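Enquirer:
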Amino acid sequence: MFAALYVDGDPARLPDDTPDTVSLEFDTDYTPTYRCRACGEELTETVDGYETESGDTTCVDFEPAADTDPDYGEGPHEPERIPLSWCNSAAVHTDESEDSVTVSISVGDPRGAFTFTIRRVPDDTDGDLAGHLIMHTPYVGQPLAHMDLTPLRDGTHVVGPYAPTRRLRAVPPAA
Ligand SMILES: [Zn+2]
-11 MFAALYVDGD PARLPDDTPD TVSLEFDTDY TPTYRCRACG EELTETVDGY ETESGDTTCV
49 DFEPAADTDP DYGEGPHEPE RIPLSWCNSA AVHTDESEDS VTVSISVGDP RGAFTFTIRR
109 VPDDTDGDLA GHLIMHTPYV GQPLAHMDLT PLRDGTHVVG PYAPTRRLRA VPPAA
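Under the numbering used here, the first residue of the sequence shown carries the number -11, and numbering increases by one thereafter.
1) Any heavy atom of ligand 1 within a distance shorter than 7 Å of the CB on Glu33?
2) Are the beta-carbon atoms of Tyr38 and His81 separated by less than 8 Å?
3) Which one of Ala151, Asp59, Tyr127, Thr90 has the shortest CA to CA distance from Asp142?
4) So what's Thr45 in DSSP terms, helix, strand or just coil?
5) Could you tell me whether the Cβ atoms of Arg107 and Glu86 are closer together than 8 Å?
6) Output the distance between the C-alpha atoms of Leu140 and Pro152, rounded to the nearest integer angstrom.
7) Need the endpoints of the beta strand (DSSP E) that Arg141 sits in, please.
8) In whole angstroms, what is the alpha-carbon distance linking Leu132 and Pro58?
9) Quick one: give me the first and last residue of the beta strand (DSSP E) that Arg107 is part of.
10) Does the stretch 32 to 47 come close enough to the stretch 10 to 23 that 3 or more CB-CB pairs lie under 8 Å?
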């Protein structure tokens, strides 16, 4: 099989004809996860609030909204999460010997990932599934799971620790 790699719609030059694995790796070392909505500086969370790399907790672009607010440029930064800062990597892996394609997305331990695989059951397999495509997806209670999953509805899960307050109230702690 021949597959061409496209990056944002343009064909990419490759050292090999057909790569088995293509991945996007995000820099996860010392990368801030917040930035300021007003001044755009990257922020780190401290006990005194959010500060820039130079330790500045005051935002030069602060604008007072209420009478009790500090003056222009004298209030705190307004933190917002940096998009995609939750992602370590995303990859596509093909395996001709398994007749499979796997997409993996890593959001927790960078050594692991959630994987989504479609493979074809060989035609010479006994049974009804011969020749059919099978899809494997992460599931709740999976052994050695990349992260915990909580189902919201069919095909949709919350990833990672999740404790909705309504459920906590409905289930009183054991005496
Ligand atoms: Zn700011």
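All C-beta atoms in this analysis are idealised placements derived from N, C-alpha and C, irrespective of residue type, glycine included. These figures come from a predicted structure and were not determined experimentally.
Expert: By the coordinates alone:
1) Working through the sequence shown from its first residue, we reach residue 33 at position 45. No; taking the cut-off as 7 Å, the Cβ of Glu33 has no heavy atom of ligand 1 nearer than that.
2) For the purposes of this step, residue 38 is taken as residue 50 along the sequence shown, with counting starting at 1. For the purposes of this step, residue 81 is taken as residue 93 along the sequence shown, with counting starting at 1. His81 sits away from Tyr38, with the two beta carbons spaced by 8 Å or more.
3) Numbered from 1 along the sequence shown, position 154 holds the residue referred to as residue 142. Out of Ala151, Asp59, Tyr127, Thr90, Tyr127 has the C-alpha closest to the C-alpha of Asp142.
4) Taking the first residue of the sequence shown as position 1, residue 45 is located at position 57. DSSP, read as helix, strand or coil, puts Thr45 in coil.
5) Residue numbering aside, residue 107 sits at position 119 when the sequence shown is read from its first letter. Residue numbering aside, residue 86 sits at position 98 when the sequence shown is read from its first letter. Taking 8 Å as the Cβ cut-off, Arg107 and Glu86 qualify as a contacting pair.
6) For the purposes of this step, residue 140 is taken as residue 152 along the sequence shown, with counting starting at 1. For the purposes of this step, residue 152 is taken as residue 164 along the sequence shown, with counting starting at 1. Leu140 and Pro152: Cα-Cα distance of roughly 11 Å.
7) One-based indexing of the sequence shown puts residue 141 at position 153. Residues 137 to 141.
8) Residue mapping note: residue 132 aligns to position 144 of the sequence shown, counting from 1. Residue mapping note: residue 58 aligns to position 70 of the sequence shown, counting from 1. The straight-line gap from Cα to Cα measures roughly 50 Å.
9) Within the sequence shown, residue 107 is the residue found at index 119, counting from 1. Note, Arg107: beta strand (DSSP E), 102 to 108.
10) In this structure the stretch 10 to 23 touches the stretch 32 to 47; the number of beta carbon pairs closer than 8 Å is three or more.
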